[in-house]
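S.K.: Structure incoming, see below.
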Amino acid sequence: MKSVLYIASRQGGPSAGFWSPVGRLEHEAGVYRFVYTKGAQTLQGFEPFPGMPDLRGVYESEVLFPLFANRLLSRTRPEYKAFLVWGGFDPANPPDPLAVLGITQGLRQTDSLEVFPCPMPDEHGRYLSKFFLHGVRWMHAAAHERIGRLLPGEKLRVFLEIGNPHDANAVQLQTTDIVGRLPIGYVPRYLARDVRELCGACHPDFIEVTVERLNVGAPLQQRVLCRMSSCWPADFTPCDGEPFQAIIETPAATGRVGRLGGIRG
């Protein structure tokens with residue numbers, strides 16, 4: 037089974053930068069493969085990643101490339117098991133590294149990259165995505181207090197913001213308290229455009245966001261794991277558009293790649 041993630045890069049400051057997908061990472065038949073997407077050619081100021089200098093190259097390796105491996109918590113760290121649990125994984129059955137990256141987004145404080153999966157329909161043909169609640173640190177103190185009282189399975193309200201100066205597609209998540217709806221964070225930006233499309237195509241009764249886990253003591257960016265499900269419209273294509281298209285399409289995996297990897301132009 038092939039696992040696929042996209043890599044987005046930000047050019048500009050944290051509050052006013054512009055994001056674009058710039059690469060695609062795959063894992064199939066024991067081979068990790070990375071290619072740049074057309075977003076890397078159009079994102080102003082983007083520079084190729086270390087060790088991957090050719091935008092038209094196909095990079096392969098039997099081990100995960102350092103750029104991405106360094107975004108996973110080391111198995112020797114005492115909090116490693118908790119790290120997996122925060123993402124909804126079973127520490128007794130560690131998942132594929134790309135599955136972990138797809139939930140955590142490989143976020144680090146030292147750069148401007150995000151790693152994310154392209155949603156796929158589940159076995160029932162419905163849209164299903166799990167993600168950590170974004171933007172928590174920008175919320176008011178009341179939101180932080182309310183987040184601490186969230187319960188697994190609790191429903192959250194989807195609110196499509198208008199005029200957000202930092203993200204035109206911003207999708208806010210709110211509590212459904214009787215006394216008043218309280219904003220507590222945002223859908224990740226890589227999902228926001230698709231969520232807006234789904235809200236326009238699906239009946240509200242078929243769109244649901246719930247709290248999957250509340251990770252007390254976890255960093256804010258991993259505090260609340262959410263689950264979103266909805267209908268999958270017949271004409272819906274996530275991760276669409278030229279920035280997502282590979283500059284060079286990859287061939288099928290051969291399983292005969294050197295441990296240190298290689299490049300094909």
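Per our numbering, residue 37 is the first one in the sequence shown, and the count goes up by one each step. The beta-carbon is built from N, C-alpha and C at its ideal position, and this holds for glycine as well.
1) In chain order, what residues of the same chain lie with their CB nearer than 6 Å to the CB of C231, ignoring the 5 residues before and after it?
2) Identify whether R46 lies in helix, strand or coil by the three-state DSSP scheme.
3) For E98, which residues does DSSP report across the bridge?
4) So C267 and R193 are supposed to be a Cβ contact under 8 Å. How far apart are they, rounded?
5) Can you tell me whether R46 is buried or exposed, with buried defined as 16 or more other CB within 10 angstroms of its CB?
6) Around the C-beta of H63, are 16 or more other C-beta atoms found within 10 angstroms, so that it is buried, or is it exposed?
7) What separation, rounded to the nearest whole angstrom, lies between the Cα atoms of R173 and A44?
8) Mind pulling the beta strand (DSSP E) runs of 3 or more residues that sit fully within the stretch 65-92?
9) Taking the CB atoms as reference points, tell me whether L79 and S165 lie closer together than 8 Å.
10) Starting from E150, trace the beta strand (DSSP E) both ways and give me its first and last residue.
11) So, under 8 Å CB-CB, Q257 and T73 are touching, yes? Tell me the CB distance rounded to an integer number of Å.
M.R.: If we stick to the structure as given:
1) The amino acid at residue 231 is misidentified as Cys; the sequence shows Val. Taken in chain order, the residues that qualify are V207 and V223.
2) strand
3) The partner list for E98 (beta bridge, DSSP) is empty, contrary to what the question assumes.
4) About 18 Å; that fails the 8 Å criterion.
5) buried
6) buried
7) 21 Å
8) 67-72
9) no
10) L149 to P153
11) Contact flag wrong, Cβ pair sits at about 25 Å.
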